[in-house]
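Step one of this worksheet: look at the structure below.
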Amino acid sequence: RYFPDPDLPPVFLDRSLLCPMRNGIPELPEQKKERFLREYGLNPYEAGLLTGEKALAGYYEEVVGFGVDSREAAHWILDELLRIRKEA
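Mapped onto the numbering used here, the consecutive letters of the sequence shown carry residue numbers 12 to 99.
Below is the structure:
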């Protein structure tokens, strides 16, 4: 059973301390997946595969940043690039 330790005082954190901490937290994979669904129009399967690896998600965003269609980039990465990587 859990009960509060009477010897430990409560800790109160000021918002001015928490805001910089929250801004420093990287985007979690599930959050990134939701963003890929929303921003790039990917289906859940594609978004899940792309966000499953941090490097793959970063590469995808770089490719899309060059103006490549988001769906075409996803198909190329998930079909061709992963096949080539698997064969190597």
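Ideal placement from N, C-alpha and C gives every residue a C-beta, glycine not left out.
Taking a cut-off of 8 Å for Cβ pairs, the region 54-69 and the region 25-34 do not touch, as fewer than three such pairs fall below it.
The Cβ atoms of F47 and A66 do not sit closer than 9 Å to each other.
Taking a C-beta distance under 9 Å as the contact criterion, Y51 and S27 do not qualify as a contact pair.
Separation of L93 and P55 (C-alpha to C-alpha, rounded to the nearest whole angstrom) is 18 Å.
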